[in-house]
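Below is one structure, written out as structure tokens; the observations come after it.
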Amino acid sequence: MDDLLREFLTESGEHLDTVDAELVRFEQDPNNQTILRNIFRLVHTIKGTCGFLGLPRLEALAHAAETLMGRFRDGLPATSESVTLILSTLDRLKAILADLEATGSEPAGSDDDLISELERMASAEPEAAPAPPPEIVLPEPVSRELKPGEVSLDDLEAAFLAAPGPSEADFAAPVTPPVEAPKVEAPKPAAPKAVAPKAEAAEADSAKAEPAGDTEAVVATETTAAGSKIQTIRVNVDTLEHLMTMVSELVLTRNQLLEIARRHEDSSYKVPLQRLSHVTAELQEGVMKTRMQPIGSAWQKLPRVVRDLSAELGKQIDLVMVGAETELDRQVLEVIKDPLTHMVRNSADHGLESTAGRIAVGKPARGTIRLAAYHEGGTITIEIADDGKGLDLAAIRKKAVERGLASQSDVERMTDAQVAKFIFDAGFSTAAAVTSVSGRGVGMDVVKTNIETIGGIIDIATTAGRGTTFTIKIPLTLAIVAALIVRAGEHRFALPQVAVLELVRVDAGAQRVERINGSPVLRLRERLLPIVSLTGLLGQSDGQGAETEQAGFVVVAQVGRERFGILVDEVFHTEEIVVKPMSAKLRHIPMFAGNTILGDGAVVLIVDPNGVARQVAQGIQGSNSHADADAESEAAEMGDAKTTLLVFKGGQGSFKAVPLSLVTRLEEIECDKVEWLGGRPLIQYRGRLMPLVPADSAITIRSEGTQALVVFSDGERAMGLVVDEIVDIVEERLDIEIAADRSDLIGSAVLRGRATDIINIAHFLPLAYDDWARGPKKAEQASTLLLVDDSAFFRDMLSPVLKAAGYQVITAASAEAALTILQSDARIEVVVTDLEMPGRSGFDLVAAMRGAEPRLAGLPVIGLTGTVGTDVVERARSLAISDLVAKFDRSGLIAALAEISATNVSQAA
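Taking this note's numbering, the leading residue of the sequence shown gets 27, the next gets one more, and so forth.
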């Protein structure tokens, strides 16, 4: 194959890919002449080159497609059928080019089917334009006599037209310097080109009509444009790969020289070595840029894919692409092209509902698939999100049990995120029928395999009724990566730094490795972290047993949402390493991603964090699985529901605490800024007056220096709680008793070994504002209740009070969310709801409950309201609301709940 034909194949392939994407854009925006001119120019170029090279079959097809697109330029409307026909023609052109590249000659065959259809559409006459609407005759404007000194509009217009205007010399002045001419005149030739319906004719006409005086400006403009044009050359990929290999070897040599310099005290060659290191780094960065390509090149075919799927599935789908300019290594890009295409197809078929289904649930008729890419550290993050129905986790659980992937008890214990990952198993599908798009269970397992092959990870986040988001994290390049060099046993290993979160030194003291059911775990910031020993994973038993776990370092790593620790004996330093492929005899070991040569010439293996994560999940190390440790950790956390609390000193040195979720800000103000109005302390806070309330009667607001404040806010209202000193933020399990004799306290608890009063913020709010209220009385019997309020502030304020009173509290932020929870959770025995929520009010919620199944219809409801009027009482009575309580009457709420509990007990008896 000669160079001319090879060049033609390369350029034609690029042109056809561009036309493919541009046609989809043109179908959505048929009046965009710029897109149409670009498509026409590219097809015209392909046709002309085919004629020059003597490729009649390609020329005939391209000519027929060009003719139809010429009709589009003449005003023929671009229909979906005509665009589909041209896309089919492009597919045929690509197939012929592929055969031409493989054999070196144009394949035999007939394209009469496509050509005749293209000619038929091109010869069709456009539909007659609809008759213009009748001209609307406006009535004569109302006029009045002119007052003295007024001038009529006609006289004013005549005077304006008669006034002398600016001379032409005023406009010519800025253009006189020859240097400025290109700046002023440059836009002129481009203006008619942008709107001309026939580009070639318009350019010819404008060239003929161009005055002689403007010729220099046009020439200068073209020269300037030519000078600023980005110049590119085509380089064989093999040449770039060889250059990258040489740079990698240079990096290794540099590392060896740096290692020698570290061992010797002689500094005579350290300066040139440092310069060599900088030059090597710049050269490495430059060569890396030659391998980088925008991810948009991998997305180029997706608009066409989505268009075809939209027609095939009968769904209306919009594809949104963000971050197409994000660059990554060409080698990585080639690997992720197919996975991205498959995941977009999956989102269109499985993720998005039908048009009728979307309208039925109140969604827009058009579904959206969103692709986003951005840099994050040394990785590229790609998100594929849809606004569809989300994954059917119940169906996935059922299918997993049917296929024997997990037992029923295991599936029930799994989190939603763990269940969702079953879709990556080979042959796994919940589709009811097999279609040409999907349903065979083939694809997602290949996606996961391809991504993990390049050291990437994939994660899933799904919400029922709102959609699913797949998040892919892949390395920026596969050639040179930053790694942490560690020692395990007698050998050194390299850990990719992108997966490392932190390093923890362990010993026999406070920070030590513990064992749960025989599996090693590390208690890190009150969470149990599963630990794997690198020597243990390799089967290198050193005979010392558990003693080796009591000294060394734990490398805390994260893969997706899974966090674990890798126990090593020693940590050396970080180093840029050149990734070399594994030997064919070692590729079956999932623990390693490759090998490299360190600065001292030693060959070390590169640990694959994904492989370690799989070993942790499968629990192959130790007598019991790490899944047991994880389950125990989760069970311990669920049993010890913890609350984050702000601890401060308030009055006589006593310690007090408040849930941190209620706190807006911590402030330290100058005491001279405190103002007193009507005997009340206030401060100007963010443009408004904020009342100050002491956290204890023994606290006196200081007159000089600074004063600590805990700020609580709800909407535009804020209150400053005056405290002596901010002490700490702690996360503890609250084990408190209700203080029956004091309304300002919920009770007392032991936090970090100190007796601490938990304050009741509802006591202090009415001291700042009259329409905020106060305090509790303990319920005699516990229940599970649903608290519904659109304000997160009030939910956070009431939840600890109700929990302290012995109730299990579930919260919802809207009537819709409350109904969903009520239908899925049979434990709820009573509902406490705000009746004045925006959108669907609490009354609407209760009405929906009363019309639902008997279990929901019979649930007692307590309504929270700011005003209790006759109409509210009547409506509550009609909906069988058990009790109405003022929104901040904590004691009234607890009493009403206690009364409902007592009624339920007596009825049960």
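Each residue gets a CB set at the ideal place from its N, CA and C atoms; glycine is no exception.
R553: which of G565, L564 and V539 sits nearest, CA to CA?
Counting from one through the sequence shown, the residue named residue 553 turns up at place 527. Ranking the options by Cα distance to R553, first place goes to V539.
Quick one: residues in its chain with C-beta nearer than 6 Å to the C-beta of V361, no 5 flanking neighbours on either side, listed in chain order?
In the sequence shown, residue 361 corresponds to position 335, counting from 1. Taken in chain order, the residues that qualify are N476 and I480.
According to DSSP, is F454 part of a helix, a strand, or is it coil?
Position 428 of the sequence shown, counted from the start, is the residue given in the question as residue 454. In this structure, F454 counts as coil in the three-state DSSP scheme.
Using 8 Å as the cut-off, can you tell me whether the stretch 392-409 makes contact with the stretch 343-351, which would need three or more C-beta pairs spanning the two stretches below that distance?
yes
Report the CB separation of D355 from R317 in whole angstroms; it is logged as a contact under 8 Å.
The residue given as residue 355 occupies position 329 in the sequence shown. The residue given as residue 317 occupies position 291 in the sequence shown. Sure, about 5 Å apart at Cβ, within 8 Å.
Would you tell me roughly how many angstroms separate the C-alpha atoms of D770 and V736, rounded to the nearest one?
For the purposes of this step, residue 770 is taken as the residue at position 744 of the sequence shown. For the purposes of this step, residue 736 is taken as the residue at position 710 of the sequence shown. Taking the straight line joining both Cα atoms gives about 16 Å.
Taking only the alpha-carbon atoms, compute the straight-line gap between P720 and V700 and give it to the nearest angstrom.
By 1-based counting over the sequence shown, the position of residue 720 is 694. By 1-based counting over the sequence shown, the position of residue 700 is 674. So the alpha carbons of these two residues sit roughly 13 Å apart.
Thinking C-beta only, is A619 closer than 9 Å to P522?
Along the sequence shown, one-based indexing puts residue 522 at 496. Along the sequence shown, one-based indexing puts residue 619 at 593. Contact flag set, yes.
Determine whether the beta carbon atoms of T690 and A744 lie at a separation below 9 Å.
By one-based count along the sequence shown, residue 690 stands at place 664. By one-based count along the sequence shown, residue 744 stands at place 718. Cβ distance < 9 Å, so T690 and A744 count as in contact.
Pull up the distance between the alpha-carbon of A841 and that of R866, whole angstroms please.
Here residue 841 corresponds to residue number 815 of the sequence shown, with the count starting at 1. Here residue 866 corresponds to residue number 840 of the sequence shown, with the count starting at 1. C-alpha separation (whole angstroms): 6 Å.
Pop quiz: T669 and E696 are said to be a contact at Cβ under 8 Å. What is the actual Cβ separation, rounded to whole angstroms?
Mapped onto the sequence shown, residue 669 falls at position 643. Mapped onto the sequence shown, residue 696 falls at position 670. Actually they do not touch by this definition, with Cβ atoms about 33 Å apart.
Taking the alpha helix (DSSP H) that V109 belongs to, which residues open and close that run?
Within the sequence shown, numbered from 1, the residue matching residue 109 stands at position 83. Unbroken alpha helix (DSSP H) run through V109: S106 to T129.
Helix or strand or just coil, what does DSSP make of G620?
As a working mapping, residue 620 is identified with position 594 in the sequence shown. Note: G620 maps to strand in three-state DSSP.
Should Y711 go down as buried or exposed, given a rule of 16 or more other Cβ atoms within 10 Å for buried?
In the sequence shown, counting from the first residue as 1, residue 711 sits at position 685. It is buried - the Cβ of Y711 has at least 16 other Cβ atoms within 10 Å.
What's the gap between the Cα of L910 and the Cα of I888?
Here residue 910 corresponds to residue number 884 of the sequence shown, with the count starting at 1. Here residue 888 corresponds to residue number 862 of the sequence shown, with the count starting at 1. Spanning the two alpha carbons is a distance of roughly 6 Å.
Taking only three categories from DSSP, how would you classify K682?
Against the sequence shown, residue 682 aligns to sequence position 656. Strand, per DSSP.
Locate the beta strand (DSSP E) running through I787, then write down its first and last residues.
Here residue 787 refers to the residue found at position 761 when the sequence shown is read from its first residue. According to the DSSP assignment, I787 belongs to no beta strand (DSSP E) but to the alpha helix (DSSP H) extending over I787 to A794.
From L510 to E601, what distance separates their C-alpha atoms?
Here residue 510 refers to the residue found at position 484 when the sequence shown is read from its first residue. Here residue 601 refers to the residue found at position 575 when the sequence shown is read from its first residue. Taking the Cα positions, L510 is about 7 Å away from E601.
Count the other CB atoms within 10 Å of the CB of R63; is the residue buried (16 or more) or exposed (fewer)?
On the sequence shown, residue 63 is found 37 positions in, with the first residue counted as 1. The residue in question, R63, is buried, as its Cβ has 16 or more Cβ neighbours within 10 Å.
Can you name the start and end residues of the beta strand (DSSP E) that P556 belongs to?
To locate residue 556, count along the sequence shown from 1; it is residue 530. In the DSSP assignment, P556 falls within the unbroken beta strand (DSSP E) covering R553 to S559.
I need the DSSP call for D754, collapsed to helix, strand or coil.
Here the question's residue 754 lines up with position 728 in the sequence shown. Strand, per DSSP.
Just confirm the distance between the C-beta atoms of I141 and L84, as a whole number of angstroms; I'd bet it's less than 8 Å.
By one-based count along the sequence shown, residue 141 stands at place 115. By one-based count along the sequence shown, residue 84 stands at place 58. Between L84 and I141 the Cβ distance is about 12 Å, and since that is not below 8 Å, they are no contact.
Entirely within the stretch 841-915 and at least 3 residues each: give me those beta strand (DSSP E) ranges in chain order.
856-860, 887-891 and 909-912
For the alpha helix (DSSP H) containing R423, name the first residue and the last one.
Here residue 423 refers to the residue found at position 397 of the sequence shown. For R423, the enclosing alpha helix (DSSP H) covers residues L419 to E428.
Would you grab the beta carbon distance between A90 and E145 for me? Rounded to a whole angstrom, and I think it's under 8 Å.
Numbered from 1 along the sequence shown, position 64 holds the residue referred to as residue 90. Numbered from 1 along the sequence shown, position 119 holds the residue referred to as residue 145. About 6 Å; that satisfies the 8 Å criterion.
Output needed for L378: all residues of its chain with C-beta closer than 7 Å, excluding positions within five of it in sequence on either side, in chain order.
Within the sequence shown, residue 378 is the residue found at index 352, counting from 1. Excluding sequence neighbours, L378 sits near K341, I343, G393, D412 and G414.
Alpha carbon to alpha carbon, how far is M617 from D634? Give it in angstroms, no decimals.
Mapped onto the sequence shown, residue 634 falls at position 608. Mapped onto the sequence shown, residue 617 falls at position 591. Rounded to the nearest angstrom, the two C-alpha atoms are 5 Å apart.
Just checking my contact of F790 with L747 at CB under 8 Å: how many whole Å lie between their CB atoms?
On the sequence shown, residue 790 is found 764 positions in, with the first residue counted as 1. On the sequence shown, residue 747 is found 721 positions in, with the first residue counted as 1. Contact annotation, F790 with L747: C-beta distance approximately 6 Å; criterion of less than 8 Å satisfied.
Would you list, in sequence order, the uninterrupted beta strand (DSSP E) runs of no fewer than 3 residues that lie entirely inside the stretch 330-403?
343-348, 353-355 and 393-402
In whole angstroms, what is the alpha-carbon distance linking V604 and R513?
Counted from its first residue, the sequence shown places residue 604 at position 578. Counted from its first residue, the sequence shown places residue 513 at position 487. Straight-line Cα distance between these residues: approximately 19 Å.
Taking C-alpha atoms, which residue in D860, V835, F674 and P56 lies nearest to T782?
As a first step, residue 782 must be located in the sequence shown, where it is residue number 756. Taking only the C-alpha atoms, the option nearest T782 is F674.
If you follow the beta strand (DSSP E) that V582 is part of, which residue opens it and which one closes it?
In the sequence shown, residue 582 corresponds to position 556, counting from 1. Run containing V582: G578 to V585, per the beta strand (DSSP E) assignment.
Compute the distance between the beta-carbons of L708 and L718, then report whether it is under 9 Å.
Looking up residue 708 in the sequence shown gives position 682. Looking up residue 718 in the sequence shown gives position 692. Closer than 9 Å, so yes.
Can you name the start and end residues of the alpha helix (DSSP H) that D43 belongs to?
Translated into positions along the sequence shown, residue 43 becomes position 17. From DSSP, the alpha helix (DSSP H) with D43 extends over D29 to Q54.
Flag this pair as yes or no: are the beta carbons of L672 and I752 separated by less than 9 Å?
Taking the sequence shown and counting its residues from 1, the one referred to as residue 672 is at position 646. Taking the sequence shown and counting its residues from 1, the one referred to as residue 752 is at position 726. Yes. Within cutoff.
List the whole-angstrom C-beta distance separating V585 from N636, where the pair is believed to meet the contact cut-off of C-beta under 8 Å.
Position 559 of the sequence shown, counted from the start, is the residue given in the question as residue 585. Position 610 of the sequence shown, counted from the start, is the residue given in the question as residue 636. With 8 Å as the limit, V585 and N636 qualify as a contact, their Cβ atoms being about 6 Å apart.
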